[in-house]
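Data first, discussion second: the structure below is written as structure tokens.
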Amino acid sequence: MFTFGLKVFISGVIIAFASWLSLKKPILAGFIIALPLMSLISIFFSYMEHKDMEKTIVFSKSILVGVPASLTFFIPFFFAKYFGLSFFTTYFLGVVFLVFGFFTHKYIMNQL
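Heads up: the sequence shown begins at 1439 in the working numbering, then just goes up one per residue.
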């Protein structure tokens, strides 16, 4: 249980720091969030917990395929101003795109 709590704490601190930083330096905060920090931490903790290299490889491949699929969430934000979309409409469309990204990810991972 301590390990789980440590994972939650580390992840929470990174997210909270980036959120706080976004008010002062949104470009830097965006870059920090774009870094694969959560992937680095998750892959390390996963391997240390299970010591299974095969599962670690599958996990890592899933992250590699999942990153572009998850970026589909941001497509509506890129065009929101052009189409005059509200925040909630843009956010909702991002979630819809993300759902399609998830199913694309799932399909690709089943093919590997």
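Ideal Cβ placement from N, Cα and C applies to all residues, glycine included.
For SER1524, the secondary structure class from DSSP, reduced to helix, strand or coil, is coil. Collapsing the DSSP output to three states places LEU1536 in a helix. In the structure shown, PRO1474 adopts coil according to DSSP, grouped into three states. Boundaries of the alpha helix (DSSP H) around LYS1445: 1440 to 1462. Membership of LEU1502 in the alpha helix (DSSP H) is indicated by the continuous run 1491 to 1508. When secondary structure is reduced to three states using DSSP, LEU1550 falls in the coil class, being assigned neither helix nor strand. In this structure, ILE1481 places its C-beta atom within 9 Å of the C-beta atom of SER1498.
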